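Here is the structure we will look at, set down as structure tokens.
Number of protein chains: 2
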Amino acid sequence: MLPVTEHPQTIEEFRATIPALRNKAYMNFGAQGVLAQETMDAIGLSYSYVQEHGPLCGQMFGWLTEELRRTRKEFADEFHCAPEDIALTQSTTDGCNIVLWGLPWKASDNLVITDAEHSGVVASTAQIARRHHLNLSICPVSSQSDQQILEWLDKNLTGKTRLFLFSHILWTNGKTLPIKQMIDLCHSKGVLTLVDGAQSAGVLELDLPSCAADFYAVTGHKWLGGPEGIGALYVTAEAVEKLEPTFVGWRSCTFDAMGSPSGWENGAARYEVATAPVPLLAAMRKALTIRSRHSSAAERYQRLIDQAAKLRKALAGLAHVQCLSSELPTSGLVSFKVPGTSSSRLCAQLEGQQIIVRTISSPDCIRASLHYFTSDDDIGRLVAAVEAAGKS
Amino acid sequence: MLPVTEHPQTIEEFRATIPALRNKAYMNFGAQGVLAQETMDAIGLSYSYVQEHGPLCGQMFGWLTEELRRTRKEFADEFHCAPEDIALTQSTTDGCNIVLWGLPWKASDNLVITDAEHSGVVASTAQIARRHHLNLSICPVSSQSDQQILEWLDKNLTGKTRLFLFSHILWTNGKTLPIKQMIDLCHSKGVLTLVDGAQSAGVLELDLPSCAADFYAVTGHKWLGGPEGIGALYVTAEAVEKLEPTFVGWRSCTFDAMGSPSGWENGAARYEVATAPVPLLAAMRKALTIRSRHSSAAERYQRLIDQAAKLRKALAGLAHVQCLSSELPTSGLVSFKVPGTSSSRLCAQLEGQQIIVRTISSPDCIRASLHYFTSDDDIGRLVAAVEAAGKS
Chain W
5 MLPVTEHPQT
15 IEEFRATIPA
25 LRNKAYMNFG
35 AQGVLAQETM
45 DAIGLSYSYV
55 QEHGPLCGQM
65 FGWLTEELRR
75 TRKEFADEFH
85 CAPEDIALTQ
95 STTDGCNIVL
105 WGLPWKASDN
115 LVITDAEHSG
125 VVASTAQIAR
135 RHHLNLSICP
145 VSSQSDQQIL
155 EWLDKNLTGK
165 TRLFLFSHIL
175 WTNGKTLPIK
185 QMIDLCHSKG
195 VLTLVDGAQS
205 AGVLELDLPS
215 CAADFYAVTG
225 HKWLGGPEGI
235 GALYVTAEAV
245 EKLEPTFVGW
255 RSCTFDAMGS
265 PSGWENGAAR
275 YEVATAPVPL
285 LAAMRKALTI
295 RSRHSSAAER
305 YQRLIDQAAK
315 LRKALAGLAH
325 VQCLSSELPT
335 SGLVSFKVPG
345 TSSSRLCAQL
355 EGQQIIVRTI
365 SSPDCIRASL
375 HYFTSDDDIG
385 RLVAAVEAAG
395 KS
Chain Y
5 MLPVTEHPQT
15 IEEFRATIPA
25 LRNKAYMNFG
35 AQGVLAQETM
45 DAIGLSYSYV
55 QEHGPLCGQM
65 FGWLTEELRR
75 TRKEFADEFH
85 CAPEDIALTQ
95 STTDGCNIVL
105 WGLPWKASDN
115 LVITDAEHSG
125 VVASTAQIAR
135 RHHLNLSICP
145 VSSQSDQQIL
155 EWLDKNLTGK
165 TRLFLFSHIL
175 WTNGKTLPIK
185 QMIDLCHSKG
195 VLTLVDGAQS
205 AGVLELDLPS
215 CAADFYAVTG
225 HKWLGGPEGI
235 GALYVTAEAV
245 EKLEPTFVGW
255 RSCTFDAMGS
265 PSGWENGAAR
275 YEVATAPVPL
285 LAAMRKALTI
295 RSRHSSAAER
305 YQRLIDQAAK
315 LRKALAGLAH
325 VQCLSSELPT
335 SGLVSFKVPG
345 TSSSRLCAQL
355 EGQQIIVRTI
365 SSPDCIRASL
375 HYFTSDDDIG
385 RLVAAVEAAG
395 KS
């Protein structure tokens, strides 16, 4: 099949095709992205196709296999890696769990995470540490310089450290970690690396082989604009050899003529399990494809951080606002607080005005997420509302 | 919210609302069920609702939580259990994996399955046995009498046996196992029981507390008529205490004001992980609800086995056909073969005539799955085609 050539489309034209943007200033992409009408249409078309031709028969089993293959390929193209390096998952957390539970842990092994991981990952690492009697260490990164982070790792990674799990972009304040240097340092000490890419996939242009991570987990439903429940886990060919499948089903294996399991699926697909909402995959691919209409990944990233910088600057100009994110944002996340005002109350108040952001519990703040197609008008509405809240 | 009162609807009226039945004789419900138009419409409506009101904000997080709660409740009503006993999963295999990996295995513990488990479950039990150094035993059930099965268990369950995993209805030949006696015998020996309900949920009227299984895993996308990728795992309150969560995420835990994990979710919901295709849940509930229009579960089951018996009888009347399923079917599965003819070739030939069944590898056969709404005409088409194939 020839690659689809996407026609150019202005950002204004694109915004007009996104139902979620019609009635609100949506700046919560770090929690969940928005579906373009075409992406939503792809969902309906898939379900209709499946019911008309199946739902399940010889022909449709072929279709299903091809849908899985095509979607792995599309994620692989996005991340500049081989399709064999991609497992389709449900979410970033799902991908992290596959890695956490697939390593050959021994009691008293050391697992390292950072002080700014997502609550779901904090919970999953706490559980594996408890069940496998691991030592869990916390690498401080939230307000450390790159140099300080590397020094901490150099000092604290030991012969017992098996895995370092860290986010590429911190979900709390939008800081981007120097992952290449961190990974190189880990590898020099024989430590595997699992990157939580929840806030980076669809933001940064990711060349996963170049950044040398062993494992990189992403979701499709935040910055990539796909439906909820579809994610991807990147596992290098070398790391596949070190990572056992844990949850296993008919998608993990090859089978002989008697229907008995005869081996693992080729590459990372062995970490896939069983029945999944395959009709959503066409929508995921549509979401991945649409973005190529809006210039290059590098240009989209530039626009995204330009928008984030505009918001950051405007908020910093309000005397009652305290910004937690860098003056020069490297991601779409801009976190701030209004000392003396409850972040939850302010967030709910903004939602009442159809301005959608979210709170973070620790550090207590409000987090706005700006995409490359966030408008100046949306930014202006948020700033004006925060300004007004300071006066009330 | 008041329970929805479903208006009565004849089976013919219902069939007319199912797109998949319009152009074919579909008898493959054991692989995947069909979506009624209303169920498909519920999918589109949910996605539109989510995009209009969110996709994610304070209000929509409340909606999402409520969708999860309502869907657990609907499954619980279906199985006559408490909503706290239900975890939402992706599939039967997913549910089985949650149980397999959540038990505190010790090396040389014994895990028992039957000789007629689904390939996905065979693969997952082989993997846990390999990684935890378990002894895996196979209880023969395919062509054994109830008495023989119970005798085997009585003789072979040992002090080392932790879990017996078996299907309620065998996916190969449609045989129904005497699960209450099997479970009672297991419990008398301190053995936990995990029932694979892939072929029983939506067929039998299931009262899970009465059958006393510790764990019962089902999928929504076969006999229950829901979308692919939604399943349920039943875990009794007592069994929750023995089963650790393995894959963990924000849905598994409660969190304190600082956003740190503070405990497990109440009941079986702790086995849920993270982001999932929540907009499909409304369709799952719609599918569960629709069936109440067609009399009681007992009457639907009677009609289903009546249809299976008709097919079984007609096939037995063909000299060249050998039936593998019982003369008096207790499920919708009717398996048969034509000695001297390749089952795969015959199955493909039937598919070419828009008659949809599937092959089973071991024992080599063709399996037709008949639902309560399967028509006499569909049965007649299959019988005529198999008869014609015998003459060609």
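Protein chains in written order, with the numbering used here: chain W, 5 to 396; chain Y, 5 to 396.
Every residue gets a Cβ at the ideal spot worked out from N, C-alpha and C, and that includes glycine.
A quick note: this is a predicted structure, and the numbers were derived from the prediction, not measured.
field: Minimum Cβ-Cβ distance from residue 122 of chain W to chain Y less than 9 Å
entry: The sequence position of residue 122 of chain W within the first sequence is 118, counting from 1. So yes, residue 122 of chain W belongs to the interface.
For residue 200 of chain Y and residue 215 of chain Y, the rounded distance between their alpha carbons: As a first step, residue 215 of chain Y must be located in the second sequence, where it is residue number 211. As a first step, residue 200 of chain Y must be located in the second sequence, where it is residue number 196. Each residue's Cα considered, the two are about 13 Å apart.
Check your understanding: Does residue 233 of chain Y get closer than 9 Å to chain W when you measure Cβ to Cβ?
Key -> To locate residue 233 of chain Y, count along the second sequence from 1; it is residue 229. Judged by the 9 Å Cβ criterion, residue 233 of chain Y is in contact with chain W.
Residues of its chain near residue 119 of chain Y, where Cβ-Cβ distance is below 8 Å and the 5 sequence neighbours each way are ignored:
Indexing the second sequence from 1 puts residue 119 of chain Y at position 115. Cβ within range, chain order: 142, 143, 144, 145 and 146.
_Please report whether the beta-carbon of residue 101 of chain Y lies at a distance below 9 Å from any beta-carbon of chain W._
As a position in the second sequence, residue 101 of chain Y is number 97, starting the count at 1. It does: the Cβ of residue 101 of chain Y has a partner Cβ on chain W nearer than 9 Å.
So residue 178 of chain W and residue 339 of chain W are supposed to be a Cβ contact under 8 Å. How far apart are they, rounded?
The residue you call residue 178 of chain W lines up with position 174 of the first sequence. The residue you call residue 339 of chain W lines up with position 335 of the first sequence. Yes, they are in contact, since the Cβ atoms of residue 178 of chain W and residue 339 of chain W sit about 7 Å apart, within 8 Å.
Rounded to the nearest angstrom, what separates residue 343 of chain Y and residue 354 of chain Y at their Cα positions? Within the second sequence, the letter at position 339 stands for residue 343 of chain Y. Within the second sequence, the letter at position 350 stands for residue 354 of chain Y. Their backbone Cα atoms lie some 16 Å apart in a straight line.
Judging by CA-CA distance, which residue of W:370, W:183, W:285 and W:382 is the nearest neighbour of residue 35 of chain W? Taking the first sequence and counting its residues from 1, one reaches residue 35 of chain W at position 31. Closest by alpha carbon: W:370.
field: Start and end residues, beta strand (DSSP E) containing residue 62 of chain W
entry: Translated into positions along the first sequence, residue 62 of chain W becomes position 58. First-last for residue 62 of chain W: 62-83, but that is the alpha helix (DSSP H), not the beta strand (DSSP E).
Checklist entry - CB-CB under 8 Å to residue 360 of chain Y, same chain, minus the five flanking residues each way: which ones, in chain order? => result Walking along the second sequence from the start, residue 360 of chain Y turns up at place 356. Same-chain partners within the cutoff: 28, 29, 30, 31, 32 and 354.
Can you tell me the Cα-Cα spacing of residue 159 of chain Y and residue 20 of chain Y, whole angstroms?
-> By one-based count along the second sequence, residue 159 of chain Y stands at place 155. By one-based count along the second sequence, residue 20 of chain Y stands at place 16. Those two C-alpha atoms are separated by around 52 Å.
In whole angstroms, what is the alpha-carbon distance linking residue 98 of chain W and residue 224 of chain W?
-> Residue 98 of chain W sits at position 94 when you count from the first residue of the first sequence. Residue 224 of chain W sits at position 220 when you count from the first residue of the first sequence. Straight-line Cα distance between these residues: approximately 12 Å.
Nonlocal neighbours in the same chain, by C-beta distance under 6 Å from residue 357 of chain Y, ignoring five residues either side:
Taking the first residue of the second sequence as 1, we reach residue 357 of chain Y at position 353. 389, listed in sequence order.
Q: Report the neighbours of residue 73 of chain W on chain Y: residues whose CB is nearer than 8 Å to its CB, in chain order.
A: Position 69 of the first sequence, counted from the start, is the residue given in the question as residue 73 of chain W. Within chain Y, no residue comes near residue 73 of chain W; the closest Cβ sits about 17 Å away, beyond 8 Å.
When you compare the CB of residue 383 of chain W with every CB in chain Y, is at least one pair closer than 9 Å? Numbered from its first residue, the first sequence carries residue 383 of chain W at position 379. Taking Cβ atoms only, chain Y never reaches closer than 9 Å to residue 383 of chain W, which makes this a no.
Select from the region 104-129 of chain Y all residues with a C-beta closer than 7 Å to any C-beta belonging to chain W, and list them in chain order.
-> 105, 123, 124, 126, 127 and 128
field: Boundaries of the beta strand (DSSP E) in which residue 222 of chain Y is found, first to last residue
entry: Translated into the one-based positions of the second sequence, residue 222 of chain Y becomes position 218. From DSSP, the beta strand (DSSP E) with residue 222 of chain Y extends over 219-223.
Next item on the list: Could you tell me whether the Cβ of residue 96 of chain W comes closer than 9 Å to any Cβ of chain Y?
Entry: By 1-based counting over the first sequence, the position of residue 96 of chain W is 92. Yes, residue 96 of chain W counts as interfacial toward chain Y.
Within-9 Å CB hit, residue 284 of chain W to chain Y: Here residue 284 of chain W refers to the residue found at position 280 when the first sequence is read from its first residue. By this cut-off, residue 284 of chain W is an interface position.
Among Y:186, Y:174, Y:191 and Y:187, which one has its Cα closest to the Cα of residue 205 of chain Y? Walking along the second sequence from the start, residue 205 of chain Y turns up at place 201. Checking every option, the nearest Cα to that of residue 205 of chain Y belongs to Y:174.
Buried/exposed call for residue 5 of chain W, threshold 16 Cβ in 10 Å
Taking the first sequence and counting its residues from 1, the one referred to as residue 5 of chain W is at position 1. Low confidence applies to residue 5 of chain W: its pLDDT is 42, below 50, so where it sits in the model is not reliable enough to give any reading.
Along chain W, which residues have their Cβ under 8 Å away from the Cβ of residue 280 of chain Y? Position 276 of the second sequence, counted from the start, is the residue given in the question as residue 280 of chain Y. Near residue 280 of chain Y (Cβ distances below 8 Å), the residues of chain W are 94, 95, 232 and 233.
Checklist line | Reduced DSSP secondary structure (H/G/I, E/B, other) of residue 379 of chain Y | finding: If you number the second sequence from 1, residue 379 of chain Y lands on position 375. Reduced to three states, the DSSP call for residue 379 of chain Y is coil.
Proximal residues of chain W, C-beta to C-beta of residue 366 of chain Y below 7 Å
Along the second sequence, one-based indexing puts residue 366 of chain Y at 362. Within 7 Å Cβ-Cβ: 262 and 263.
| query | Starting from residue 47 of chain W and walking both ways along the alpha helix (DSSP H), at which residues does that stretch end? | reply | Start at 1 with the first residue of the first sequence, and residue 47 of chain W comes out as number 43. Segment 41-57, the alpha helix (DSSP H) holding residue 47 of chain W.
ask   = How long is the line joining the alpha carbons of residue 87 of chain Y and residue 90 of chain W, rounded to whole angstroms?
value = On the second sequence, residue 87 of chain Y is found 83 positions in, with the first residue counted as 1. On the first sequence, residue 90 of chain W is found 86 positions in, with the first residue counted as 1. Near 36 Å, if we compare the C-alpha coordinates of residue 90 of chain W and residue 87 of chain Y.
inquiry  = Could you check whether residue 38 of chain Y and residue 229 of chain Y sit closer than 9 Å to each other, using their CB atoms as the reference points?
reply    = To locate residue 229 of chain Y, count along the second sequence from 1; it is residue 225. To locate residue 38 of chain Y, count along the second sequence from 1; it is residue 34. Going by C-beta atoms, residue 229 of chain Y is nearer than 9 Å to residue 38 of chain Y.
Notebook entry, point to check: Of all the residues that make up the region 336-362 of chain W, which are near chain Y by a beta-carbon distance shorter than 8 Å?
Noted result: 351, 352, 355, 360 and 362
- Task: Find out if the Cβ-Cβ distance for the pair residue 169 of chain W, residue 103 of chain W is shorter than 9 Å.
- Result: Working through the first sequence from its first residue, we reach residue 169 of chain W at position 165. Working through the first sequence from its first residue, we reach residue 103 of chain W at position 99. Yes, the Cβ-Cβ distance between residue 169 of chain W and residue 103 of chain W is below 9 Å.
* So residue 200 of chain Y is in the beta strand (DSSP E); what residue range does that whole segment cover? -> Taking the second sequence and counting its residues from 1, the one referred to as residue 200 of chain Y is at position 196. Residue 200 of chain Y -> beta strand (DSSP E) spans 196-200.
Is there a Cβ from chain Y that is less than 9 Å from the Cβ of residue 142 of chain W? Numbered from its first residue, the first sequence carries residue 142 of chain W at position 138. No, because no Cβ of chain Y sits closer than 9 Å to the Cβ of residue 142 of chain W.
To the nearest whole angstrom, what separates the beta carbons of residue 75 of chain Y and residue 319 of chain Y, a pair I think is in contact under 8 Å?
Taking the first residue of the second sequence as position 1, residue 75 of chain Y is located at position 71. Taking the first residue of the second sequence as position 1, residue 319 of chain Y is located at position 315. So it is not a contact: roughly 38 Å between Cβ atoms.
- Task: Determine the chain Y residues that contact residue 44 of chain W at a beta-carbon separation under 9 Å, and present them in chain order.
- Result: Sequence index remark: in the first sequence, residue 44 of chain W carries index 40 (1-based). The answer, in chain order, is 48, 51, 52 and 55.
Q. Counting Cβ pairs closer than 8 Å, one from the region 124-131 of chain W and one from the region 150-164 of chain W, do we hit at least three?
A. no
inquiry  = Pop quiz: residue 106 of chain W and residue 250 of chain W are said to be a contact at Cβ under 8 Å. What is the actual Cβ separation, rounded to whole angstroms?
reply    = For the purposes of this step, residue 106 of chain W is taken as the residue at position 102 of the first sequence. For the purposes of this step, residue 250 of chain W is taken as the residue at position 246 of the first sequence. About 5 Å; that satisfies the 8 Å criterion.
Q.
Please report whether the beta-carbon of residue 222 of chain W lies at a distance below 9 Å from any beta-carbon of chain Y.
A. Here residue 222 of chain W is taken as the residue at index 218 of the first sequence, counted from 1. No, no contact with chain Y.
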